[in-house]
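Enquirer: I have a structure here, written as structure tokens, and I will follow up with some questions on it.
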Amino acid sequence: MSQAFPHLFSPLPLRHRTLKHRLVFGAHTANMAEGGLPGERHLGYYRERAIGGAAMIVVEPVPVHRTAVLTRGNFRHQDDAIIPHFRRITEACHEHGTVMIQQLYHVGQHGDYDNAFEAAWSPSGLPSYHDADGSHAMSEAEIAEIIEAFAQGARRAHEAGFDGVELFAAYHALIDQFWTPWSNRRDDRWGGSFANRMRFSTEIIGRIRRLVGEDFIIGIAVNHDPDIAVSLSLEALCEIVAYHDQRGLIDYVTCGTGSYFDFYKLMPTFLYPDKLGAPFAEALKGAVRHARVQAESHIRTPENADYVIAGGQADMVSIVRGQIADPHMAAKAMAGRAEAVRPCISCNQMCWGRRYRDYWISCLVNPSAGREFEWGGDRFARAEKPRHLLVVGGGPAGMEAARAAAECGHAVTLAEAAPDFGGAFRLAGMQPRRGQILDLIAWYEGALARLGVDLRLNTPLEAEEVVTFGADAVIVATGAVAGEAGFQRALPECDALPGLARGHVTTVEAVMARAARPGERVLVLDESGHWRGLGTAWHLAERGHAVTIVTAAALIGQHLVRTAADFPLRRRLKALGVTMRTETAVAEWHGDGATLIDLLDGGERRIACDTLVLATAPIADTTLADTLAGSSLEVHAIGDCVAPRLAVAAILEGRRLTLGL
Ligand SMILES: Cc1cc2nc3c(=O)[nH]c(=O)nc-3n(C[C@H](O)[C@H](O)[C@H](O)COP(=O)(O)O)c2cc1C
Ligand code: SF4
Numbered sequence: 007m008s009q010a011f012p013h014l015f016s017p018l019p020l021r022h023r024t025l026k027h028r029l030v031f032g033a034h035t036a037n038m039a040e041g042g043l044p045g046e047r048h049l050g051y052y053r054e055r056a057i058g059g060a061a062m063i064v065v066e067p068v069p070v071h072r073t074a075v076l077t078r079g080n081f082r083h084q085d086d087a088i089i090p091h092f093r094r095i096t097e098a099c100h101e102h103g104t105v106m107i108q109q110l111y112h113v114g115q116h117g118d119y120d121n122a123f124e125a126a127w128s129p130s131g132l133p134s135y136h137d138a139d140g141s142h143a144m145s146e147a148e149i150a151e152i153i154e155a156f157a158q159g160a161r162r163a164h165e166a167g168f169d170g171v172e173l174f175a176a177y178h179a180l181i182d183q184f185w186t187p188w189s190n191r192r193d194d195r196w197g198g199s200f201a202n203r204m205r206f207s208t209e210i211i212g213r214i215r216r217l218v219g220e221d222f223i224i225g226i227a228v229n230h231d232p233d234i235a236v237s238l239s240l241e242a243l244c245e246i247v248a249y250h251d252q253r254g255l256i257d258y259v260t261c262g263t264g265s266y267f268d269f270y271k272l273m274p275t276f277l278y279p280d281k282l283g284a285p286f287a288e289a290l291k292g293a294v295r296h297a298r299v300q301a302e303s304h305i306r307t308p309e310n311a312d313y314v315i316a317g318g319q320a321d322m323v324s325i326v327r328g329q330i331a332d333p334h335m336a337a338k339a340m341a342g343r344a345e346a347v348r349p350c351i352s353c354n355q356m357c358w359g360r361r362y363r364d365y366w367i368s369c370l371v372n373p374s375a376g377r378e379f380e381w382g383g384d385r386f387a388r389a390e391k392p393r394h395l396l397v398v399g400g401g402p403a404g405m406e407a408a409r410a411a412a413e414c415g416h417a418v419t420l421a422e423a424a425p426d427f428g429g430a431f432r433l434a435g436m437q438p439r440r441g442q443i444l445d446l447i448a449w450y451e452g453a454l455a456r457l458g459v460d461l462r463l464n465t466p467l468e469a470e471e472v473v474t475f476g477a478d479a480v481i482v483a484t485g486a487v488a489g490e491a492g493f494q495r496a497l498p499e500c501d502a503l504p505g506l507a508r509g510h511v512t513t514v515e516a517v518m519a520r521a522a523r524p525g526e527r528v529l530v531l532d533e534s535g536h537w538r539g540l541g542t543a544w545h546l547a548e549r550g551h552a553v554t555i556v557t558a559a560a561l562i563g564q565h566l567v568r569t570a571a572d573f574p575l576r577r578r579l580k581a582l583g584v585t586m587r588t589e590t591a592v593a594e595w596h597g598d599g600a601t602l603i604d605l606l607d608g609g610e611r612r613i614a615c616d617t618l619v620l621a622t623a624p625i626a627d628t629t630l631a632d633t634l635a636g637s638s639l640e641v642h643a644i645g646d647c648v649a650p651r652l653a654v655a656a657i658l659e660g661r662r663l664t665l666g667l
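Counting with this note's numbering, you get residues 7 to 667 for the letters of the sequence shown.
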């Protein structure tokens, strides 16, 4: 038993296997298949988490049937050709003592026509909550076809060396659609009474067991969503899980949050509390006698996971995004080095945000995610010729470059002009509920200090000072400066917003840095569609300012849609009385108000306000890089000083550069 987190790091028997501890890397669509087959990207991704100590990995779902295909990176359905490809993954992960499970799914009415090119099948032909399509009510023969498809999917998993399968009965997927009276309106033997609604899942599991024998784990993934009236109540869910448990059909159950009706809680961002799914797991613990219960959803840290197990809320815990962010979470925590775990910031930017756009997933804080096969995992090889590197600028690009270079054995000096590290990222961390960003900056500070990086705050460097410093190479990461001209994409003919000289104009950066004192009524001109503008608007509204947001986009939080944070944010802004004007631009600033232009009909109206806050595009600070370009120094520019972007680009460039130095 581990000394650190003794409850989490204790073994757990699970059917014919014993988990070495209770921290699981749960199911999620990594969307990495090529030609429907798991390749090098997939192998590297899972192997890294096995090396990093995960006790069990639930590999992303295989769609069991042609009508179940959902993403571009989905695996081939109904094709034995995948077996040897999966075998490479199970063998590589088994080497590290990881129990390997495969999820199997069919989302029924919520299919994706653009990827499946098939009508979605469902119990009663209800519409999709994924797109605008309707679905096809399955015939008796079609139900039999899908039961067999699930069973054949399990057989393939068995032959590929998986220790078991997890049936996706969560978030209102097909199995769940049969369980839920709202979506199962059938009056034949598949609908109506409780036993009839259980028939589909019971027959799938029975058929799987007959095909694969006794030495094979069968788990089910369920969810609970108390905010949705038509979803199964917790009581009904407990009854269903108990029914399967009493019949010995399931070895474990895992309970997620949110659903197709409410994607925002499915991968909860920092807008939601920690340990969101733990109370539901606890309720299921009271309902089962044999099956293991897994808690999931925003458990985030080994501390939280240990708390959940210690309190008897669950037998095991899935942490998905936390282990995307740090694949070695389990090993570090077990070794008593929890402070070395790189924290996930619950942003959804590159994990769900890329899956949402149907790309393979990665991670904002860990750009090696999905690139393990190219980069040698989330690990560092010692540089053949260690050098002395000077990094100028301590924002995310500079911090990551300095950290990665020091990990490779280079001697690194990191110089930052401000009194703190973090740059504009620190300002983001000061917006409401975004403190996890400050935790990440603190993690960087700890890592940089541990690695012996020469850290110099309050150290602005001119080009001559950089030259005389005498480093072997210079990495310029000087970031961007706030755009102060009020340029709006909707009015490209205006380089500058008319009337800015009348005053009472500031930027989101100045507001968050407490360098500006906005008046009572504030107009936020949001060109970001993201947290930069909207988090600042929220910050101001929380402090009692009367805030109006103007955007040319059709939606407030246009670029937050991919992160499933836009709706909860708009709900909060509305609750704070924020006025939101979409498809609108600012035609002129008057010093005490603005003329707004409706982009749909060109109509103008004047509103009164005290301060205009610009969330317009920042401008790359190229001064140092440009001046050094003429010197004999080896100079590399990374991050926002190349082009202003989100933090993800800064961290990726910081890491990628050092791999080649
Ligand atoms: C990119 C991504 C894809 C996901 N896909 C699936 C999936 O295919 N099946 C599933 O059961 N859960 C899926 N999930 C949900 C996770 O299993 C988990 O419930 C969710 O991420 C919350 O847990 P966490 O806070 O530990 O990340 C996905 C999550 C993410 C981030
Ligand atoms: S992209 Fe954001 S939410 Fe997703 S794993 Fe990385 S840090 Fe966490």
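Yeah, the Cβ is synthetic: ideal placement off N, Cα and C, and Gly gets one too.
Assess contact between the region 532 to 550 and the region 230 to 247, defined as three or more Cβ pairs (one per stretch) separated by less than 8 Å. Is contact present?
Expert: no
Enquirer: If you follow the alpha helix (DSSP H) that residue 671 is in, where does it begin and where does it stop?
Expert: The question about residue 671 has no answer, for the chain in this structure spans 7 to 667.
Enquirer: Is it the case that the region 296 to 307 contacts the region 347 to 367, given that we only count it when at least three CB pairs across the two stretches are under 8 Å?
Expert: Touching, yes.
Enquirer: Buried or exposed for residue 7, going by 16 or more other Cβ atoms inside 10 Å?
Expert: The pLDDT assigned to residue 7 is 48, lower than 50, so where the model puts this residue is not dependable, and the model offers no usable value.
Enquirer: Give the secondary structure of residue 338 by DSSP, where H, G and I count as helix, E and B as strand, and everything else as coil.
Expert: helix
Enquirer: Can you tell me which of the three DSSP states residue 610 falls into?
Expert: strand
Enquirer: Since residue 486 sits in a beta bridge, which residues does DSSP pair it with?
Expert: Residue pairing of residue 486 in beta bridges, as defined by DSSP: 626.
Enquirer: Label residue 384 either buried or exposed according to how many other C-beta atoms from any shown protein chain fall within 10 Å of its C-beta, with 16 as the threshold for buried.
Expert: buried
Enquirer: Can residue 412 and residue 393 be called in contact, C-beta distance under 9 Å?
Expert: no
Enquirer: Are three or more beta carbon pairs between the region 464 to 479 and the region 601 to 608 nearer than 8 Å?
Expert: no
Enquirer: What are the boundary residues of the beta strand (DSSP E) that residue 601 is part of?
Expert: Per DSSP, the continuous beta strand (DSSP E) segment holding residue 601 begins and ends at 599 to 604.
Enquirer: According to DSSP, is residue 322 helix, strand or coil?
Expert: Here residue 322 sits in strand by DSSP.
Enquirer: With distance defined between alpha-carbon atoms, name the residue in 578, 559, 614 and 569 nearest to residue 591.
Expert: 559
Enquirer: Is it true that the CB of residue 310 sits closer than 9 Å to the CB of residue 326?
Expert: no
Enquirer: What runs of the beta strand (DSSP E), each 3 residues or longer, lie entirely inside the region 396 to 422?
Expert: The qualifying runs are 417 to 421.
Enquirer: For my contact list, residue 535 and residue 564 are in at a C-beta cut-off of 8 Å; report their separation, rounded to the angstrom.
Expert: Correct: roughly 4 Å between the Cβ atoms.
Enquirer: For residue 548, report the span of its alpha helix (DSSP H) as first-last.
Expert: 537 to 548
Enquirer: In the structure shown, what three-state DSSP assignment does residue 365 receive?
Expert: coil
Enquirer: Using only alpha-carbon positions, find the residue among 584, 583 and 615 that is nearest to residue 594.
Expert: 615
Enquirer: Alpha carbon to alpha carbon, how far is residue 283 from residue 299? Give it in angstroms, no decimals.
Expert: 12 Å
Enquirer: To the nearest angstrom, how far is it from the Cα of residue 16 to the Cα of residue 312?
Expert: 10 Å
Enquirer: Using 9 Å as the threshold, is the C-beta distance between residue 54 and residue 378 below it?
Expert: yes
Enquirer: Hey, quick one: how far does the beta strand (DSSP E) through residue 168 stretch, first residue to last?
Expert: No beta strand (DSSP E) contains residue 168, which DSSP labels as neither H nor E.
Enquirer: In whole angstroms, what is the alpha-carbon distance linking residue 533 and residue 174?
Expert: 40 Å
Enquirer: How many angstroms separate the CA atom of residue 230 from the CA atom of residue 293?
Expert: 14 Å
Enquirer: Closer than 8 Å is the cut-off here; do at least three beta carbon pairs connect the region 484 to 499 with the region 439 to 456?
Expert: no
Enquirer: Could you name the residues that DSSP lists as bridge partners for residue 106?
Expert: 63
Enquirer: Note down the Cα distance separating residue 272 from residue 440, rounded to an integer number of angstroms.
Expert: 19 Å
Enquirer: So what's residue 7 in DSSP terms, helix, strand or just coil?
Expert: With a pLDDT of only 48 at residue 7, under the threshold of 50, the placement of this residue in the model should not be trusted; the figure read from the coordinates follows. Looking at residue 7 - three-state DSSP - the assignment turns out to be coil, as it is neither helix nor strand.
Enquirer: Have a look at the DSSP bridge pairing and note the partners of residue 573.
Expert: DSSP, once it has assigned bridges, lists no residue as partnering residue 573.
Enquirer: Just verifying my parser: in three-state terms, what is the DSSP assignment at residue 358?
Expert: Note: residue 358 maps to helix in three-state DSSP.
Enquirer: Which residue comes first and which comes last in the beta strand (DSSP E) that contains residue 594?
Expert: Segment 590 to 595, the beta strand (DSSP E) holding residue 594.
Enquirer: Residues with a Cβ closer than 6 Å to any heavy atom of ligand 2, in chain order?
Expert: 327, 330, 331, 350, 351, 352, 353, 354, 355, 356, 357, 369, 370 and 371
Enquirer: Please work out which residues of its chain come closer than 6 Å, Cβ to Cβ, to residue 334, disregarding the five sequence neighbours upstream and downstream, and give them in chain order.
Expert: If we look at residue 334 and ignore the five residues flanking it on each side, its Cβ neighbours are 58.
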